[in-house]
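As structure tokens, the structure follows; a few thoughts come after it.
Number of protein chains: 2
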Amino acid sequence: MTASATAVACCAPLAAPALDEEAAVATAELFKALGDPARVRIVNLLATSGEPVCACELYEPLDLAQPTVSHHLKKLVEAGLLEREQRGKWAYFSLKRDAVEKLAAVADLKGACC
Amino acid sequence: MTASATAVACCAPLAAPALDEEAAVATAELFKALGDPARVRIVNLLATSGEPVCACELYEPLDLAQPTVSHHLKKLVEAGLLEREQRGKWAYFSLKRDAVEKLAAVADLKGACC
Chain A
3 MTASATAVAC CAPLAAPALD EEAAVATAEL FKALGDPARV RIVNLLATSG
53 EPVCACELYE PLDLAQPTVS HHLKKLVEAG LLEREQRGKW AYFSLKRDAV
103 EKLAAVADLK GACC
Chain B
3 MTASATAVAC CAPLAAPALD EEAAVATAEL FKALGDPARV RIVNLLATSG
53 EPVCACELYE PLDLAQPTVS HHLKKLVEAG LLEREQRGKW AYFSLKRDAV
103 EKLAAVADLK GACC
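As given, the protein sequences belong to chains A and B, one line each in that order. Okay, so the first sequence: first residue is 3 according to this note's numbering, each after it adds one. Okay, so the second sequence: first residue is 3 according to this note's numbering, each after it adds one.
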């Protein structure tokens, strides 16, 4: 398991009763992966598409060059948020269901505070 | 309104049907504010405390010096996640209810994908 793959695997809810340093690091990694407007837009585009999206379909809506898009996709895959599937020449990306559920749980502080 | 105060105010759900650039920037800012282990731990400590927490009570559990803790608290306040209340010599911090609800909504991709 790579260090980056641990972000989704090891993160813990912000409202967890006892959040240790390791879980805090993994949780921060997950948020950090989403701390960029281009990555927020990629996740949004994948979330609103019913099917895996070719990297080549992202350049235009993001208004970014291919290497930049590839860099952001790599970061999101490393954080464990996206799944990458090779189809011939192109890579297709989709959101990972378990990561999506984990993210929602991590960010859910309702009931724990205020 | 400061630029940083817009993060919580202007962010949009990752699964929003049409996420414009401005909303993507604000959403990324919100995630970025949480993209640090110390800030994740601060939010966790505040979430699991039933009442506002004095900055002075954070140094020991975080194992960080006062200026570092102050820096992280400032970033979280700027992102709109924390409320700061001055009580005599000390500042007390708590999670902002609307920010907590917004964060949960922003990170909730369930039903939108997979």
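Even for Gly, the Cβ is constructed at its ideal location relative to N, Cα and C.
Cβ neighbour criterion (16 or more within 10 Å) applied to residue i
i	result
A:Leu-105	buried
A:Gly-1	The question about residue 1 of chain A has no answer, for chain A in this structure spans 3 to 116.
A:Ala-99	Note that residue 99 of chain A corresponds to Arg in the displayed sequence, not to Ala. The residue in question, A:Arg-99, is exposed, as its Cβ has fewer than 16 Cβ neighbours within 10 Å.
A:Gly-82	buried
A:Cys-58	exposed
A:Lys-76	exposed
B:Gly-37	buried
A:Pro-15	buried
B:Glu-87	exposed
B:Ala-9	buried
A:Val-56	Reading off the sequence, residue 56 of chain A comes out as Cys, not Val. The residue is exposed, with fewer than 16 neighbouring Cβ atoms inside 10 Å.
A:Ala-20	exposed
Residue i: first and last residue of the uninterrupted beta strand (DSSP E) it sits in
i	result
A:Ser-51	Counting along the chain, A:Ser-51 falls outside any beta strand (DSSP E), and DSSP gives it neither H nor E.
Contact set between residue i and chain B, taken where Cβ atoms lie within less than 9 Å
i	result
A:Lys-34	Phe-33, Lys-34, Leu-36, Gly-37, Asp-38
A:Ala-81	Within chain B, no residue comes near A:Ala-81; the closest Cβ sits about 11 Å away, beyond 9 Å.
Cross-chain neighbours of residue i in chain A, by beta carbon under 7 Å
i	result
B:Pro-19	Thr-50
B:Glu-53	Within chain A, no residue comes near B:Glu-53; the closest Cβ sits about 10 Å away, beyond 7 Å.
Partner residues on chain B for residue i, Cβ-Cβ distance less than 7 Å
i	result
A:Thr-29	Val-42
Coil, strand or helix - residue i by DSSP
i	result
A:Leu-64	helix
A:Cys-58	helix
B:Leu-47	helix
B:Leu-78	helix
A:Thr-4	Reliability of the predicted coordinates at A:Thr-4 is poor, the pLDDT of 47 falling under 50, and no value is obtained from them.
A:Cys-116	In this prediction, A:Cys-116 has a pLDDT of 48, which is less than 50 and means its spatial position is unreliable; what the coordinates show is noted afterwards. Residue state, collapsed to three classes: coil.
Terminal residues of the alpha helix (DSSP H) in which residue i lies
i	result
B:Ala-93	Not the alpha helix (DSSP H): B:Ala-93 falls in the beta strand (DSSP E), residues 92 to 97.
B:Leu-84	From DSSP, B:Leu-84 is part of no alpha helix (DSSP H) but of the beta strand (DSSP E) over 84 to 89.
A:Ala-26	23 to 35
Where residue i meets chain A, residues with beta-carbon distance less than 8 Å
i	result
B:Glu-59	Within chain A, no residue comes near B:Glu-59; the closest Cβ sits about 16 Å away, beyond 8 Å.
Amino acids of chain B, ordered along the chain, whose beta-carbon sits closer than 8 Å to that of residue i
i	result
A:Val-45	Leu-16, Leu-111
- Task: Decide yes or no for the touch test of the segment 62 to 80 of chain B against the segment 21 to 29 of chain B: beta carbon pairs closer than 8 Å, at least 3 of them.
- Result: no
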